Amino acid sequence: MVSVQYVIEEILVEEGDSVVKDQVLVKLNSPDLEAKIEEARERLKAKEEQLSDMTGVPVSQLSSINPAKGITLRAPIDGKVSRLDVVEGEEIPLGHIVARIVDDSKFIIRARLTPAEFKMVSKGQTVTLSFPYFEGFVEGKIVDVNPNPIPDVDKDGVPRGYVHIIEIEGENPGLVQPLMDVHIILDRGDGSTLTVSNKGRVEKFITEERVINRAESFATEVYVHEMESVKKGDPIVSMTGTDVQKTLENLLNEIMELRLDLKQLESTLDQTEIRATMDGVVASIHREEGETVRVGEWIGDIYNTGEMMVWAQVDDIDIVNVKQDAPVKVTVDAVPGETFQGKVTHVSPMGEKINNVTRFSINIEVKGGPQLRPGMQANCFIDGGSAENVLLIPVEAIFEEDGKTMVEVLDEDGNVRMVQVRLGLMNDRYAEVIDGLEEGQLVITGSSADLLPSQQIKAKDTLLPEKSEDNNNNN
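This note's numbering puts the last residue of the sequence shown at 542; the count rises by one with no breaks.
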(Lines of atoms letter the chains of each structure in order from A and count residues from 1; the text may use other names and numbers.)
(Lines give C-alpha, C1' and ligand atoms only; values in the text may rest on other atoms or scores of the structure.)
Protein backbone atom coordinates (compact mmCIF):
# COMPACT_ATOMS: atom_id res chain seq x y z
CA MET A 1 0.00 0.00 0.00
CA VAL A 2 1.14 3.53 -0.77
CA SER A 3 1.58 5.80 2.24
CA VAL A 4 0.84 9.49 1.72
CA GLN A 5 2.04 12.14 4.14
CA TYR A 6 0.22 15.42 4.69
CA VAL A 7 1.26 18.61 6.40
CA ILE A 8 -1.39 20.40 8.48
CA GLU A 9 -1.58 23.75 6.74
CA GLU A 10 -4.36 25.43 8.73
CA ILE A 11 -6.68 24.51 11.62
CA LEU A 12 -9.92 26.47 11.26
CA VAL A 13 -11.72 25.57 14.52
CA GLU A 14 -11.05 25.50 18.24
CA GLU A 15 -12.27 23.29 21.05
CA GLY A 16 -15.87 24.13 21.96
CA ASP A 17 -16.76 25.54 18.53
CA SER A 18 -20.11 24.49 17.09
CA VAL A 19 -19.82 23.07 13.57
CA VAL A 20 -22.20 21.85 10.88
CA LYS A 21 -21.90 18.83 8.64
CA ASP A 22 -19.37 19.22 5.77
CA GLN A 23 -17.81 22.32 7.35
CA VAL A 24 -14.05 22.49 6.66
CA LEU A 25 -12.17 21.96 9.91
CA VAL A 26 -8.56 21.42 8.83
CA LYS A 27 -6.68 22.11 5.59
CA LEU A 28 -3.88 19.76 4.55
CA ASN A 29 -1.12 19.93 1.98
CA SER A 30 0.78 17.09 0.26
CA PRO A 31 3.49 18.50 -2.03
CA ASP A 32 4.57 15.12 -3.42
CA LEU A 33 1.09 13.66 -4.00
CA GLU A 34 0.81 14.46 -7.72
CA ALA A 35 4.31 13.12 -8.36
CA LYS A 36 3.40 9.88 -6.57
CA ILE A 37 0.23 9.55 -8.64
CA GLU A 38 2.15 9.99 -11.89
CA GLU A 39 4.77 7.50 -10.74
CA ALA A 40 2.06 4.97 -9.85
CA ARG A 41 0.43 5.42 -13.27
CA GLU A 42 3.72 4.77 -15.03
CA ARG A 43 4.39 1.62 -12.99
CA LEU A 44 0.90 0.31 -13.72
CA LYS A 45 1.20 1.11 -17.43
CA ALA A 46 4.54 -0.71 -17.67
CA LYS A 47 3.17 -3.85 -16.00
CA GLU A 48 0.01 -3.84 -18.10
CA GLU A 49 2.01 -3.45 -21.30
CA GLN A 50 4.36 -6.24 -20.20
CA LEU A 51 1.45 -8.63 -19.67
CA SER A 52 -0.25 -7.47 -22.85
CA ASP A 53 2.93 -8.05 -24.88
CA MET A 54 3.39 -11.45 -23.29
CA THR A 55 -0.12 -12.69 -23.99
CA GLY A 56 -1.23 -10.63 -26.96
CA VAL A 57 -4.30 -9.61 -24.97
CA PRO A 58 -5.24 -5.89 -25.13
CA VAL A 59 -4.72 -3.95 -21.92
CA SER A 60 -8.47 -3.40 -21.59
CA GLN A 61 -9.03 -7.19 -21.50
CA LEU A 62 -6.22 -8.29 -19.16
CA SER A 63 -8.70 -9.23 -16.44
CA SER A 64 -10.02 -12.03 -18.67
CA ILE A 65 -6.68 -13.90 -18.64
CA ASN A 66 -6.78 -17.36 -17.04
CA PRO A 67 -3.24 -18.33 -15.92
CA ALA A 68 -4.13 -22.04 -15.91
CA LYS A 69 -4.70 -21.92 -19.67
CA GLY A 70 -1.19 -20.63 -20.36
CA ILE A 71 -0.24 -18.05 -22.96
CA THR A 72 -1.39 -17.59 -26.52
CA LEU A 73 0.88 -15.30 -28.51
CA ARG A 74 -1.09 -13.28 -31.05
CA ALA A 75 -0.34 -11.20 -34.11
CA PRO A 76 0.40 -7.61 -33.07
CA ILE A 77 -0.55 -6.20 -36.50
CA ASP A 78 -2.16 -7.18 -39.79
CA GLY A 79 0.36 -8.78 -42.14
CA LYS A 80 2.12 -11.98 -43.10
CA VAL A 81 3.98 -14.47 -40.94
CA SER A 82 7.70 -14.34 -41.63
CA ARG A 83 10.58 -16.43 -40.26
CA LEU A 84 8.33 -18.66 -38.14
CA ASP A 85 10.56 -20.47 -35.65
CA VAL A 86 8.53 -22.72 -33.36
CA VAL A 87 7.63 -26.43 -33.32
CA GLU A 88 4.78 -28.00 -31.39
CA GLY A 89 5.92 -29.90 -28.28
CA GLU A 90 9.32 -28.23 -28.10
CA GLU A 91 10.52 -25.93 -25.34
CA ILE A 92 10.56 -22.22 -26.16
CA PRO A 93 13.30 -20.28 -24.36
CA LEU A 94 12.62 -16.97 -22.69
CA GLY A 95 13.10 -14.11 -25.18
CA HIS A 96 12.92 -16.37 -28.25
CA ILE A 97 11.57 -14.68 -31.41
CA VAL A 98 8.74 -17.00 -32.41
CA ALA A 99 7.94 -15.17 -35.65
CA ARG A 100 7.78 -11.81 -37.36
CA ILE A 101 4.56 -10.30 -38.60
CA VAL A 102 5.21 -8.00 -41.52
CA ASP A 103 3.01 -5.58 -43.36
CA ASP A 104 4.45 -6.24 -46.83
CA SER A 105 2.47 -3.50 -48.56
CA LYS A 106 5.56 -1.25 -48.53
CA PHE A 107 9.28 -1.98 -48.55
CA ILE A 108 12.56 -0.13 -47.98
CA ILE A 109 15.55 -0.33 -50.36
CA ARG A 110 19.06 0.66 -49.34
CA ALA A 111 21.34 1.70 -52.22
CA ARG A 112 24.93 2.96 -52.73
CA LEU A 113 25.47 5.82 -55.18
CA THR A 114 28.73 7.17 -56.55
CA PRO A 115 29.41 10.87 -55.98
CA ALA A 116 28.37 11.64 -59.57
CA GLU A 117 25.11 9.67 -59.20
CA PHE A 118 24.47 11.21 -55.79
CA LYS A 119 24.46 14.69 -57.37
CA MET A 120 21.45 13.62 -59.47
CA VAL A 121 19.16 12.72 -56.54
CA SER A 122 17.29 14.50 -53.77
CA LYS A 123 14.90 13.58 -51.00
CA GLY A 124 11.36 13.06 -52.27
CA GLN A 125 12.51 12.32 -55.82
CA THR A 126 10.75 9.53 -57.74
CA VAL A 127 12.85 6.69 -59.20
CA THR A 128 12.10 3.56 -61.21
CA LEU A 129 12.84 0.11 -59.79
CA SER A 130 13.53 -2.99 -61.86
CA PHE A 131 13.55 -6.42 -60.19
CA PRO A 132 15.29 -9.25 -62.08
CA TYR A 133 12.86 -11.77 -60.54
CA PHE A 134 9.77 -10.60 -62.37
CA GLU A 135 8.87 -8.43 -65.35
CA GLY A 136 7.77 -4.82 -65.19
CA PHE A 137 8.79 -1.80 -63.21
CA VAL A 138 7.91 -0.49 -59.76
CA GLU A 139 7.88 3.15 -58.77
CA GLY A 140 9.79 4.25 -55.68
CA LYS A 141 10.46 7.46 -53.75
CA ILE A 142 13.72 8.55 -52.12
CA VAL A 143 12.98 9.03 -48.41
CA ASP A 144 16.49 9.57 -47.05
CA VAL A 145 19.82 10.78 -48.45
CA ASN A 146 23.07 10.74 -46.49
CA PRO A 147 25.43 13.52 -47.61
CA ASN A 148 28.36 11.92 -45.79
CA PRO A 149 30.37 9.61 -48.08
CA ILE A 150 31.66 6.24 -46.87
CA PRO A 151 34.44 4.03 -48.31
CA ASP A 152 33.36 1.54 -50.95
CA VAL A 153 35.04 -1.83 -51.39
CA ASP A 154 34.63 -4.64 -53.91
CA LYS A 155 33.74 -8.25 -53.06
CA ASP A 156 37.38 -8.91 -52.23
CA GLY A 157 37.53 -5.96 -49.83
CA VAL A 158 39.65 -3.81 -52.12
CA PRO A 159 38.82 -0.07 -51.79
CA ARG A 160 37.44 1.49 -54.93
CA GLY A 161 36.34 4.97 -53.90
CA TYR A 162 33.49 6.48 -51.96
CA VAL A 163 29.71 6.11 -52.10
CA HIS A 164 26.64 7.79 -50.58
CA ILE A 165 23.79 5.81 -48.99
CA ILE A 166 20.17 6.54 -49.89
CA GLU A 167 16.90 4.85 -48.88
CA ILE A 168 13.97 4.31 -51.22
CA GLU A 169 10.39 3.44 -50.27
CA GLY A 170 8.18 1.52 -52.68
CA GLU A 171 4.70 0.02 -52.96
CA ASN A 172 4.86 -3.78 -53.06
CA PRO A 173 3.05 -5.28 -56.04
CA GLY A 174 3.00 -8.52 -54.07
CA LEU A 175 6.23 -10.16 -55.24
CA VAL A 176 8.91 -8.13 -53.47
CA GLN A 177 10.66 -9.83 -50.55
CA PRO A 178 13.49 -8.76 -48.22
CA LEU A 179 17.07 -9.34 -49.48
CA MET A 180 16.04 -9.07 -53.16
CA ASP A 181 18.44 -7.16 -55.43
CA VAL A 182 17.02 -4.34 -57.51
CA HIS A 183 18.22 -2.01 -60.28
CA ILE A 184 17.63 1.69 -59.63
CA ILE A 185 16.92 3.89 -62.65
CA LEU A 186 17.32 7.67 -62.39
CA ASP A 187 15.75 10.27 -64.68
CA ARG A 188 18.44 12.58 -66.11
CA GLY A 189 15.90 15.30 -66.71
CA ASP A 190 16.44 15.43 -70.48
CA GLY A 191 14.26 12.48 -71.35
CA SER A 192 17.04 9.93 -70.83
CA THR A 193 17.66 7.64 -67.84
CA LEU A 194 20.63 6.31 -65.89
CA THR A 195 20.83 2.94 -64.13
CA VAL A 196 23.05 3.33 -61.07
CA SER A 197 26.17 1.23 -61.06
CA ASN A 198 25.52 -0.58 -57.76
CA LYS A 199 22.43 -2.71 -57.26
CA GLY A 200 20.19 -1.81 -54.37
CA ARG A 201 18.80 -4.36 -51.91
CA VAL A 202 15.42 -4.69 -50.23
CA GLU A 203 16.28 -4.25 -46.56
CA LYS A 204 12.88 -4.83 -45.00
CA PHE A 205 9.23 -4.11 -45.11
CA ILE A 206 8.31 -0.79 -43.54
CA THR A 207 6.14 -2.29 -40.81
CA GLU A 208 7.46 -5.35 -39.02
CA GLU A 209 6.64 -6.58 -35.50
CA ARG A 210 8.34 -9.42 -33.67
CA VAL A 211 6.42 -12.06 -31.72
CA ILE A 212 8.61 -12.75 -28.67
CA ASN A 213 8.21 -15.37 -25.97
CA ARG A 214 8.27 -13.73 -22.52
CA ALA A 215 8.35 -16.88 -20.35
CA GLU A 216 10.00 -20.29 -20.50
CA SER A 217 7.35 -22.67 -21.80
CA PHE A 218 6.41 -25.47 -24.18
CA ALA A 219 4.59 -24.94 -27.47
CA THR A 220 1.26 -26.79 -27.32
CA GLU A 221 -0.19 -25.63 -30.64
CA VAL A 222 1.05 -23.63 -33.64
CA TYR A 223 -1.77 -21.94 -35.55
CA VAL A 224 0.02 -20.45 -38.61
CA HIS A 225 2.47 -21.27 -41.40
CA GLU A 226 5.23 -19.31 -43.08
CA MET A 227 3.95 -16.38 -45.20
CA GLU A 228 0.37 -16.93 -44.05
CA SER A 229 -1.70 -13.75 -43.86
CA VAL A 230 -3.01 -12.88 -40.40
CA LYS A 231 -5.06 -10.15 -38.80
CA LYS A 232 -4.15 -8.30 -35.64
CA GLY A 233 -5.07 -10.50 -32.67
CA ASP A 234 -4.99 -13.81 -34.56
CA PRO A 235 -3.33 -16.62 -32.53
CA ILE A 236 0.22 -17.57 -33.52
CA VAL A 237 1.15 -20.19 -30.90
CA SER A 238 -0.18 -21.46 -27.56
CA MET A 239 2.23 -22.26 -24.73
CA THR A 240 1.90 -23.75 -21.29
CA GLY A 241 4.01 -24.81 -18.31
CA THR A 242 4.41 -24.24 -14.58
CA ASP A 243 6.65 -21.24 -15.13
CA VAL A 244 4.10 -19.69 -17.47
CA GLN A 245 1.28 -20.04 -14.96
CA LYS A 246 3.35 -18.59 -12.11
CA THR A 247 4.52 -15.73 -14.29
CA LEU A 248 0.95 -14.85 -15.27
CA GLU A 249 -0.32 -15.12 -11.70
CA ASN A 250 2.47 -12.89 -10.40
CA LEU A 251 1.89 -10.27 -13.07
CA LEU A 252 -1.88 -10.25 -12.51
CA ASN A 253 -1.37 -9.85 -8.76
CA GLU A 254 1.13 -7.04 -9.28
CA ILE A 255 -1.27 -5.26 -11.62
CA MET A 256 -4.12 -5.60 -9.12
CA GLU A 257 -1.98 -4.16 -6.32
CA LEU A 258 -0.79 -1.30 -8.52
CA ARG A 259 -4.37 -0.47 -9.51
CA LEU A 260 -5.41 -0.39 -5.85
CA ASP A 261 -2.43 1.82 -4.99
CA LEU A 262 -3.31 4.22 -7.79
CA LYS A 263 -6.97 4.31 -6.76
CA GLN A 264 -5.97 5.07 -3.19
CA LEU A 265 -3.64 7.86 -4.27
CA GLU A 266 -6.23 9.41 -6.58
CA SER A 267 -8.84 9.30 -3.83
CA THR A 268 -6.51 11.24 -1.53
CA LEU A 269 -6.63 14.19 -3.92
CA ASP A 270 -10.04 14.95 -2.40
CA GLN A 271 -8.76 14.53 1.15
CA THR A 272 -6.75 17.72 1.51
CA GLU A 273 -9.69 19.18 3.44
CA ILE A 274 -10.97 17.50 6.59
CA ARG A 275 -14.68 18.17 6.99
CA ALA A 276 -17.15 17.62 9.80
CA THR A 277 -19.05 14.38 9.35
CA MET A 278 -22.02 15.68 11.36
CA ASP A 279 -23.41 18.69 13.20
CA GLY A 280 -21.85 19.00 16.63
CA VAL A 281 -19.26 20.59 18.88
CA VAL A 282 -15.48 20.27 18.62
CA ALA A 283 -14.42 18.30 21.68
CA SER A 284 -10.67 18.36 21.06
CA ILE A 285 -7.94 18.94 18.48
CA HIS A 286 -4.87 16.77 19.04
CA ARG A 287 -2.58 18.24 16.37
CA GLU A 288 -0.99 21.57 15.54
CA GLU A 289 -0.34 23.43 12.31
CA GLY A 290 2.85 22.27 10.61
CA GLU A 291 2.68 18.71 11.93
CA THR A 292 2.85 15.74 9.57
CA VAL A 293 -0.03 13.25 9.47
CA ARG A 294 -0.94 10.16 7.46
CA VAL A 295 -4.23 8.75 6.23
CA GLY A 296 -6.22 7.28 9.11
CA GLU A 297 -4.42 9.14 11.90
CA TRP A 298 -6.49 10.73 14.68
CA ILE A 299 -6.66 14.53 14.55
CA GLY A 300 -9.57 15.41 16.82
CA ASP A 301 -13.09 14.68 18.08
CA ILE A 302 -16.56 16.03 17.42
CA TYR A 303 -19.57 15.10 19.50
CA ASN A 304 -23.20 15.52 18.52
CA THR A 305 -25.07 17.37 21.26
CA GLY A 306 -28.36 16.28 19.73
CA GLU A 307 -27.64 12.65 20.56
CA MET A 308 -25.83 12.09 23.84
CA MET A 309 -25.26 8.93 25.85
CA VAL A 310 -25.69 8.64 29.62
CA TRP A 311 -24.11 5.83 31.59
CA ALA A 312 -25.87 5.00 34.84
CA GLN A 313 -26.12 2.28 37.47
CA VAL A 314 -29.25 0.70 38.96
CA ASP A 315 -29.40 -1.51 42.06
CA ASP A 316 -30.57 -5.10 41.97
CA ILE A 317 -34.02 -4.26 43.32
CA ASP A 318 -34.88 -1.71 40.65
CA ILE A 319 -33.15 -3.39 37.70
CA VAL A 320 -36.05 -5.83 37.21
CA ASN A 321 -38.22 -2.87 36.20
CA VAL A 322 -35.73 -1.43 33.71
CA LYS A 323 -36.49 -2.62 30.19
CA GLN A 324 -34.87 -2.08 26.81
CA ASP A 325 -36.27 1.07 25.10
CA ALA A 326 -37.93 2.24 28.33
CA PRO A 327 -38.52 6.02 28.21
CA VAL A 328 -36.30 8.17 30.42
CA LYS A 329 -36.47 11.77 31.58
CA VAL A 330 -33.06 13.34 32.17
CA THR A 331 -32.21 16.49 34.08
CA VAL A 332 -28.79 18.09 34.43
CA ASP A 333 -27.77 20.22 37.39
CA ALA A 334 -25.81 22.52 35.07
CA VAL A 335 -28.96 23.23 33.01
CA PRO A 336 -31.72 23.91 35.57
CA GLY A 337 -35.31 23.86 34.40
CA GLU A 338 -34.58 21.69 31.35
CA THR A 339 -35.77 18.12 30.94
CA PHE A 340 -34.31 15.99 28.17
CA GLN A 341 -36.02 12.93 26.75
CA GLY A 342 -34.22 9.63 26.33
CA LYS A 343 -34.57 5.88 26.24
CA VAL A 344 -32.72 2.87 27.61
CA THR A 345 -30.53 1.36 24.89
CA HIS A 346 -28.64 -1.27 26.90
CA VAL A 347 -29.10 -3.12 30.18
CA SER A 348 -26.11 -5.04 31.49
CA PRO A 349 -26.94 -8.73 31.96
CA MET A 350 -24.55 -8.99 34.93
CA GLY A 351 -24.25 -6.88 38.04
CA GLU A 352 -21.17 -5.59 39.80
CA LYS A 353 -20.82 -5.45 43.57
CA ILE A 354 -19.91 -1.96 44.77
CA ASN A 355 -19.77 -1.30 48.53
CA ASN A 356 -21.69 -4.56 49.12
CA VAL A 357 -24.50 -3.40 46.85
CA THR A 358 -25.03 -5.08 43.50
CA ARG A 359 -25.46 -2.56 40.71
CA PHE A 360 -26.22 -3.00 37.01
CA SER A 361 -24.90 -0.68 34.31
CA ILE A 362 -27.32 0.78 31.78
CA ASN A 363 -26.89 3.07 28.77
CA ILE A 364 -29.41 5.80 28.02
CA GLU A 365 -29.62 7.61 24.69
CA VAL A 366 -30.63 11.25 25.23
CA LYS A 367 -32.01 13.77 22.76
CA GLY A 368 -29.88 16.62 23.97
CA GLY A 369 -29.09 20.16 22.97
CA PRO A 370 -26.19 22.60 22.63
CA GLN A 371 -26.13 23.15 26.42
CA LEU A 372 -25.00 19.58 27.13
CA ARG A 373 -21.36 18.64 27.44
CA PRO A 374 -19.63 15.30 27.97
CA GLY A 375 -18.87 14.68 31.65
CA MET A 376 -21.90 16.49 33.10
CA GLN A 377 -23.71 14.84 36.03
CA ALA A 378 -27.26 13.80 35.13
CA ASN A 379 -30.36 12.62 37.00
CA CYS A 380 -32.28 9.91 35.15
CA PHE A 381 -35.91 9.01 35.80
CA ILE A 382 -36.71 5.72 34.11
CA ASP A 383 -40.32 4.88 33.37
CA GLY A 384 -40.53 1.29 34.59
CA GLY A 385 -44.26 1.12 33.88
CA SER A 386 -47.41 2.28 35.69
CA ALA A 387 -50.39 0.72 37.37
CA GLU A 388 -53.71 2.18 38.62
CA ASN A 389 -56.11 0.99 41.33
CA VAL A 390 -53.62 -1.51 42.69
CA LEU A 391 -52.73 -2.63 46.20
CA LEU A 392 -49.66 -0.84 47.63
CA ILE A 393 -47.51 -1.47 50.68
CA PRO A 394 -44.50 0.43 52.04
CA VAL A 395 -41.20 -1.00 50.86
CA GLU A 396 -40.06 -1.07 54.51
CA ALA A 397 -42.54 -3.90 55.12
CA ILE A 398 -40.89 -6.23 52.60
CA PHE A 399 -38.19 -8.74 53.50
CA GLU A 400 -36.83 -12.01 52.15
CA GLU A 401 -37.09 -15.37 53.90
CA ASP A 402 -35.64 -18.55 52.38
CA GLY A 403 -35.57 -16.93 48.97
CA LYS A 404 -39.24 -15.86 49.21
CA THR A 405 -40.64 -12.34 49.35
CA MET A 406 -42.46 -11.95 52.65
CA VAL A 407 -44.32 -9.41 54.80
CA GLU A 408 -45.61 -9.55 58.36
CA VAL A 409 -49.38 -9.11 58.76
CA LEU A 410 -51.12 -8.03 61.95
CA ASP A 411 -54.36 -9.98 62.39
CA GLU A 412 -57.44 -8.64 64.18
CA ASP A 413 -56.64 -10.70 67.26
CA GLY A 414 -53.28 -8.96 67.58
CA ASN A 415 -51.21 -11.87 66.35
CA VAL A 416 -48.46 -11.40 63.78
CA ARG A 417 -47.91 -13.85 60.97
CA MET A 418 -45.67 -13.96 57.91
CA VAL A 419 -47.27 -13.97 54.48
CA GLN A 420 -45.60 -14.63 51.11
CA VAL A 421 -46.40 -11.98 48.49
CA ARG A 422 -45.82 -11.49 44.80
CA LEU A 423 -44.76 -7.96 43.89
CA GLY A 424 -45.18 -5.89 40.78
CA LEU A 425 -43.98 -2.35 40.20
CA MET A 426 -42.19 -0.47 42.95
CA ASN A 427 -40.39 2.75 43.62
CA ASP A 428 -38.37 3.99 46.55
CA ARG A 429 -41.47 4.21 48.79
CA TYR A 430 -44.11 1.74 47.68
CA ALA A 431 -44.43 -1.66 46.05
CA GLU A 432 -47.37 -3.08 44.13
CA VAL A 433 -48.76 -6.32 45.59
CA ILE A 434 -50.07 -8.61 42.87
CA ASP A 435 -50.89 -11.56 45.09
CA GLY A 436 -50.80 -12.51 48.80
CA LEU A 437 -52.61 -9.59 50.51
CA GLU A 438 -56.04 -8.03 50.51
CA GLU A 439 -57.03 -4.42 50.86
CA GLY A 440 -57.36 -3.40 54.48
CA GLN A 441 -54.88 -5.82 55.96
CA LEU A 442 -52.30 -4.28 58.24
CA VAL A 443 -48.61 -4.88 57.48
CA ILE A 444 -45.77 -4.27 59.84
CA THR A 445 -42.99 -1.97 58.68
CA GLY A 446 -40.76 -2.95 61.60
CA SER A 447 -40.07 -6.47 62.81
CA SER A 448 -42.37 -7.85 65.54
CA ALA A 449 -39.25 -9.35 67.06
CA ASP A 450 -38.31 -5.86 68.17
CA LEU A 451 -41.23 -5.72 70.67
CA LEU A 452 -40.54 -6.07 74.41
CA PRO A 453 -42.08 -9.15 76.15
CA SER A 454 -44.56 -6.93 78.04
CA GLN A 455 -45.78 -5.17 74.86
CA GLN A 456 -48.79 -6.21 72.79
CA ILE A 457 -50.08 -5.00 69.47
CA LYS A 458 -53.75 -4.22 69.34
CA ALA A 459 -55.81 -4.76 66.20
CA LYS A 460 -56.52 -1.08 65.81
CA ASP A 461 -53.10 0.03 67.00
CA THR A 462 -51.71 2.83 64.91
CA LEU A 463 -48.22 1.51 65.69
CA LEU A 464 -47.53 4.84 67.49
CA PRO A 465 -46.97 5.05 71.29
CA GLU A 466 -50.14 5.81 73.26
CA LYS A 467 -50.32 8.98 75.30
CA SER A 468 -50.75 8.56 79.07
CA GLU A 469 -53.43 10.41 81.06
CA ASP A 470 -50.71 12.37 82.79
CA ASN A 471 -49.37 13.45 79.50
CA ASN A 472 -52.83 14.37 78.33
CA ASN A 473 -53.39 16.44 81.40
CA ASN A 474 -50.07 18.16 80.93
CA ASN A 475 -50.77 19.04 77.27
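Even glycine gets a Cβ: it sits at the ideal position worked out from N, Cα and C. Since the structure is predicted, the reported quantities are computational estimates derived from the model, not experimental observations.
Collapsing the DSSP output to three states places Leu315 in a helix. Looking at the DSSP output, Asn446 bridges to Thr398. Taking 7 Å as the cut-off, the Cβ atoms of Lys208 and Pro245 do not count as close. Annotation: Thr181 is outside any alpha helix (DSSP H) and is labelled neither H nor E by DSSP. Secondary-structure assignment with DSSP links Asp469 through no beta bridge to anything.
Within the same chain, Ile176, Arg177, Ala178, Leu246, Met247, Asp248, Val249 come within 8 Å of Arg268 by CB-CB distance, once the 5 residues on both sides are set aside.
If you ignore the 5 residues before and after Asp382, its C-beta comes within less than 8 Å of the C-beta of Val424, Thr425, Arg426, Phe427, all in its own chain and listed in chain order.
Glu76 sits close to Asn96, with the two beta carbons spaced by under 7 Å. By the neighbour-count criterion, in which 16 or more other beta carbons inside 10 Å mark a residue as buried, Arg167 falls on the buried side. Scanning its chain for C-beta atoms nearer than 6 Å, with the 5 sequence neighbours on each side dropped, one finds around Thr262 the residues His250, Ile252, in chain order.
Around the beta carbon of Tyr73, 16 or more other beta carbons sit within 10 angstroms, so the residue counts as buried. Taking C-beta separations shorter than 8 Å and ignoring five residues to either side along the sequence, the partners of Lys190 in its chain run Ile209, Val210, Asp211, Val212, following chain order.
Under the rule that a run must span 4 or more residues, the alpha helix (DSSP H) segments found entirely inside the region 308-382 read 309-334.
DSSP places Ile104 in the uninterrupted alpha helix (DSSP H) bounded by 100-122. Assigned with DSSP and collapsed to three states, Val500 falls in strand. Secondary structure note for Met485: its beta strand (DSSP E) is the uninterrupted segment 483-487. In the structure shown, the three-state DSSP call for Glu463 is helix. In the three-state reduction of the DSSP assignment, Ile132 falls in the coil class, being assigned neither a helical nor a strand state. Per the Cβ contact rule, the region 400-412 is in contact with the region 430-447 (3 or more Cβ pairs under 8 Å). A residue is called buried once 16 or more other Cβ atoms fall within 10 Å of its Cβ, and Asp171 is buried on that count. Put simply, the region 129-143 touches the region 296-303. At least three CB pairs are less than 8 Å apart.
DSSP places Ile279 in the uninterrupted beta strand (DSSP E) bounded by 267-279. The C-beta distance from Ala498 to Ile449 rounds to 16 Å, too long to meet the 8 Å contact threshold. The beta-carbon distance between Gln508 and Val476, rounded to whole angstroms, is 6 Å. This is short enough to meet the 8 Å contact definition.
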